[in-house]
Each structure stands twice: as structure tokens, then as C-alpha cells.
Amino acid sequence: MVPKMPSSARWISASLLVILLSLHPIADAFYLPGTFMHTYEAGEEIAAKVNSLTSIETELPFSYYSLPYCKPPEGVKKSAENLGEVLMGDQIDNSPYHFHVNVNESLYLCTTDPLTKEQAELLKNRARNLYQVNMILDNLPVMRFTEQNGMTIQWTGYPVGYNPMGSSEDYIINHLKFRVLVHPYQAQGDVVVTSEDGVAMVESDRKSGFQIVGFEVVPCSVKRDPAAMAKLKMYEKVDSVNCPLELEKSQVIREKEQITFTYEVEYVKSNIKWPSRWDAYLKMDGAKVHWFSIMNSMMVVFFLAGIVFVIFLRTVRRDLTRYEEMDKEAQAQMNEELSGWKLVVGDVFREPCCSKLLCVMVADGIQITGMAVVTIVFAALGFLSPASRGMLLTGMIILYLFLGIIAGYVGVRLWRTIKQSTEGWKSVAWLTSCFFPGIVFIILTVLNSILWGKKSTGALPISLFFTLLALWFCISVPLTLIGGLLGTRAASIEFPVRTNQIPREIPERKFPSWLLVLGAGTLPFGTLFIELFFILSSIWLGRFYYVFGFLFIVLFLLVIVCGEVSLVLTYMHLCVEDWKWWWKAFFASGSVAFFVFLYSINYLVFDLRSLSGPVSATLYLGYSLIMAFAIMLSTGAIGFLLSFYFVHYLFSSVKID
């Protein structure tokens, strides 16, 4: 017989269903065009789009049209963006750069009015802070190449301007030489295409055409006669020019200066096929470094596995076997001569301090771990390609929301195990649903107020704040409560030994046990610090990170190392008669977050030396703090649960009353 669900649970389930159905139409607005193959006919007009201006020096994105650039004749229109794009500070707008497929042309855009003092200063500031223009054509970011020390360096985007060495003037990029790589395509039937508004269509008439497989640019600064150019209309043809090397022929940024914007397009046939067009962006440099990281992690795993093997088979198992082979008289005599971990048999399962907080942190850690594992698996299988901007972050948020049911179950069941009753489970479930998101929300609010003050596109709009709150309280909280309800109905985990009424005194030690716990975090950190460098470079230096296969292996090894470290330290504490192992088991592996945060500071000082200003440093440290806190909860939960299983197994094998 299926037990009848209480009215509160039925109400939660009904509310959740209504909310999910009401959110269904919104999902269509988060569709990103360009993820399907699009075949263009010769001469067909397509328009490039522009994303936010970004810089590795400030980490403050700004709108493209915050600078005096030419605007499209139809007006500025924002593209539909998904949740991840908005959170990352993307603002995708249409642009005046229109192309005709497979038609080489050189066109005039516009001539600005004389620059005001404020416009000139803003342009100079953006140029000196190394701001990049990020342009997109058929969902491909524009790419440029530079020569440095005999090596060809690949970049996405092009600079707003530049300041040559030895010159006091700043120069603006006002002429773009585009190179579009196209692949001739002969269709063998129906063709799936996408319109500009992101609607997928099947066309039967289109038998052949061109697919865009590359988008490159050579940025130039060209001084033109504004009086003569102003007589032209937008998209009139102009003569093609070579990028001048002389500064006298370049366009200087100066008050009352008029700037003329032009561009030219060259189409080049390519053998690159449409499914492989992102390979140029996702080239994985340093594969040997990733393999070295994995081999280093495996050495740590085997080293710790050897210690665990010794503990289990040569120490614990030997003691238990010898104990079981004795007769009752010998066992009674041995009970009087107990030593090591056997002495704390009456205190090992005593309720720890702040037990409710421990349950909440373990539950949130499991929720974060589940989110990370599923996200990395899907990304490694290619479902979360960088071609779908923002989908990685969107997927992580959705997974976190729906994994609240597991967090509620784990937190309440652990609470029930510690208390040996279900009293107070609702408060545990509520705290589980609000603890980690609440702290993240507070940090993001502080950082967002800074971004608002700087008028950056990285600032979250008020409407998105309410959307996130609605998702939080309408999906995550009800699911966590449902998970908690399931946790109260699960089979109880009984302790194998009874707890004494009077706690045993813990012998004094020369050194605080927390020093050992903190030092234990160096071992898990050793398994991930190399991969952490690539992840930080991807986030803060604008590089693509797509080696999720390596990341999955590192995550798998990290889980093993966290479990082994926590297990070994728990056994060591029990051997010195320290029965307060609960929090130490959590922080033995969770202390890796401390070293991750220190490494983030090291990365800021030595690898992000171009990052300028206290605002940028505050943003960096704020986001790093969120990352370190999530890692602490995740690794701590893994280590604690494995230690709990070990302690339960160990003392369930001892026949001591």
C-alpha cells in the first residue's frame, strides 16, 4: 500500500507543478540562434552582432554603444539572452556591419560628430585599459592574430584603440578588414536552418550554398578626410586601404576630432566543415601539462590508498580478527586493557557541537557536488558547447535548483541520525535551502552594487534579481522540503554502540589538532591546482576552456583523495582518544578551499598583474570567495560522509558493551 501524502506535501507538489508549467513559455526566450547549421545563398545579407566591451585589466564589461560608434539604421536592438549570458555580463546587440555572402566589398559606415571632451576621454580610457570589441557572425566570435616574439598569438575580439610606445597620443580602431571563411555546401535533401529570431526551420528548396566556418579581422586605424567622407551615405563603396604603419596616417583620439568608420569584407573558400568550425577556438594547448596533473594526482591517490590499506588490513582488521578469536574471559580482560580508538567507544557517536549547521553544510555540499558532476559529464559529452553562450552557467543553476531534493534528504536524514528523532527536521530543510544560496546572494548583492556604481553591463538588472529569487523560493525551497520529508521516512541509521552519559576527557596534545586538519588540505589541493590555473585563465583572461574530459578525471581523483585524507585523519584522531571527529572529518578535506583561495590571491598578484584598481580586485576576490566556499562545502561533505561510514563500520565490528 502506498502511504497517503500529507496535505502540506500535496500543496508543495501542486505549487511546484504550477510554477514549472508557468515557466514553460519563458524557456523559448532563452533560445540561442546559431547552434544549428545554416546555409546561406550567394549574395544573401547577414548582419554581425556585438557583445559587451571587455578588458582583462578591469573585468568591468560595458555596452558597445557606450562609445561613439556608428549605430545601425534600424536602431539598436538587443538579442534574446539566456540566464547564463546575463549573469556573465553579456549584452548582445545588433550592429551596422552588414555582409553579403561571398561578395567582397569595401563600405563606408558613418562619420561622427566632433568628439566632445567627455567622449574623447572615455575613448582614451577604454583604449588604455585594453578594452576589446567582441563581434559575432553566425554565432562565431571574431578572431584576430598577432605576432609576438616570433609566435602567432590568437585572440578573440579586437582592441578599441592603442597607445604606441613613445607616443603621448591614443589612436582608435576605425577600419576593419574582415576575412570570412566559407565552405561550399551541396545539400542532399532538406536543410535545417535558423532565422535571426532563433526559430528552427526546414527548407526543401535550398540545395546548395555557403556555410560560414571562420570569422577573422585585421583592425586598422586610418586617418580620412571627414568633410569628404561625410558626403557619402551609409554602405556606399569606398576604396580598399592597407593598414598604415605611420602614425601620421592613423586616426588620433582628440577633442573636436571627427572619426570616420569603414570596413571591408573578403570571402575565402575553406575546406573546414561546419561541425569543425569551432576547433580553431578550442585548440587545447598544454595537453602534456594536463596529463602531468593527472599523473601527479594519481600518485597522491596511490600514496593515500597505501595508508588506508595499512589501516584497514594490517591494523583494524588484525585487531578485530584477534578480538573475535578470543573466548569471553579473554575478551573481558582485554576490555579492561583497551587502548587507542577502542577507548572512545562510549563517546564516538556523541552529538557534535552545532550539529544542525553540520547537517546543513553536508547537505549543501552534496548538492554542489551533484551539480558539478552532472555538469562536467554533460560538458564532456559535448552537450554544453561554448557555441551556446551562457548555457554552461544556466545548466549549473538549473541543476542546483532541482538537486535541492537530494540536499533536503541528506540533511534531514543526517539530522535524524544524530538526534535519533525527526524533531526539528523542517528547520534543517529550510536552512539547507537558504544557507549557501543566501551567502552567495549577499556577496553578489555587494558586488552588484559596485557594478551598478560603475554603470557596467556586468551589473544584474533588478528584474533578474527577482527572477533568481522566484526560482530560489519557488523551485529550490519546495524541492528541499520534499527531500526533507523523504528523509524523515527513510530507514533510520542506528549507532552500533551506546553513548555514555558522561563525556570522556580528551588527553592534552602538544600541538592543536586543527593544525593537522588544515595541513591535510594540501593533498587534495595538489590534485587540482594545475587544472585550477586553466580554469582561472578561462574565467579572467577570456580564454575558452573545453578540456572537460581532463576535468572529469581530476574531479574523480579529487573525490578519492578527499575521502582518503578525511578517513586517515579521522582514524588518527580516534587513536589518540579524540572522539570529537565530526567537524574535523569535514574540514580535513574541506580545508582545501583555504589553499584554493590563497592560490586565487597568488594568481591575482602574479598572473593578473594587468588587473588595475581596487574595484577590479574587489570583484575578483568576491567571486573567488564564492568559488572557495562552494569547494569547501563540496569536498567537506565528501570527506565527512566517507569518514562517517568508516567510523560506523569500525565500531559495528567491535563487541564492547
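What the sequence shown shows, in mature numbering (1 follows the signal peptide of the UniProt record, and there is no 0), is residues -29 to -1, 1 to 628, in sequence order.
Using N, Cα and C, we set each Cβ at its ideal position, and we do this for glycine too.
Rounded to the nearest whole angstrom, the C-alpha separation of T346 and A51 is 23 Å. In the structure shown, the three-state DSSP call for N65 is strand. With fewer than 16 other CB atoms across the displayed protein chains lying within 10 angstroms of its CB, K48 is exposed. In the structure shown, the three-state DSSP call for R360 is coil. For W485, the enclosing alpha helix (DSSP H) stretches over residues 484 to 491.
Non-local beta-carbon contacts of Y79 in its own chain, meaning distances under 6 Å to residues more than five positions away in sequence, involve L203, E207, V209, T233 in chain order. The beta carbon of N65 sits closer than 7 Å to the beta carbons of A18, K20, P43, V47, K48 from its chain, once the five residues preceding and following it are set aside; these are given in chain order. Pairing E30 with L507 gives a Cβ-Cβ distance that is not under 7 Å.
Rounded to whole angstroms, G55 and V399 show a C-alpha spacing of 30 Å.
Linking K95 to L370 through their CA atoms gives a straight-line distance of about 43 Å. A608 sits away from A559, with the two beta carbons spaced by 7 Å or more. The shortest C-alpha to C-alpha distance from V189 to any of M106, P585, S537, Q338 is the one to M106. For G454, the number of other beta carbons within 10 angstroms of its own is at least 16, and it is reported as buried. Between R150 and E89, the C-beta spacing is not below 7 Å. A straight-line Cα-Cα distance of about 11 Å links N242 and Q182. As summarised for the region 425 to 450, the continuous alpha helix (DSSP H) elements at least 4 residues long and confined to that stretch are 433 to 442, given in chain order. As computed with DSSP, L415 is found in no beta bridge at all. Within the same chain, F568, S571 come within 7 Å of S595 by CB-CB distance, once the 5 residues on both sides are set aside. Three or more beta-carbon pairs separated by less than 8 Å link the region 467 to 480 to the region 311 to 319, which places the two stretches in contact. Around the beta carbon of L253, fewer than 16 other beta carbons sit within 10 angstroms, so the residue counts as exposed. Counting every other CB atom within 10 Å of its CB across the protein chains shown gives T365 a total of 16 or more, marking it as buried. Judged by DSSP in its simplified three-state form, M106 adopts strand. With the rule of 3 Cβ pairs closer than 8 Å, the region 529 to 545 counts as touching the region 265 to 275. The three-state reading of DSSP puts F186 in strand, counting E and B together. The beta carbon of Q125 lies closer than 7 Å to those of M114, F116 in the same chain, with the five residues before and after it left out.
Residues D318, R321 of the same chain have their beta carbon placed closer than 7 Å to that of P474, with the five preceding and five following residues left out of the count. Under DSSP, Q338 forms no beta bridge with any residue. Leaving aside the five residues that flank V57 on each side, the residues in its chain whose CB is nearer than 6 Å to its CB run, in chain order, L435. With respect to the 7 Å criterion, I230 and N134 are not classified as neighbours on the basis of their beta carbons. The secondary-structure analysis by DSSP pairs T233 across a beta bridge with Y79, H146.
P215 carries a coil assignment under DSSP once its states are collapsed to helix, strand and coil. A residue is called buried once 16 or more other Cβ atoms fall within 10 Å of its Cβ, and N22 is buried on that count.
Here the alpha carbon of S562 sits roughly 15 Å from the alpha carbon of V539. It is roughly 17 Å from the alpha-carbon of L522 to the alpha-carbon of A599.
Ranked by how close their Cα comes to the Cα of M205, the residues C324, P67, P323, K313 have P67 in first place. For W553, the three-state secondary structure derived from DSSP is helix.
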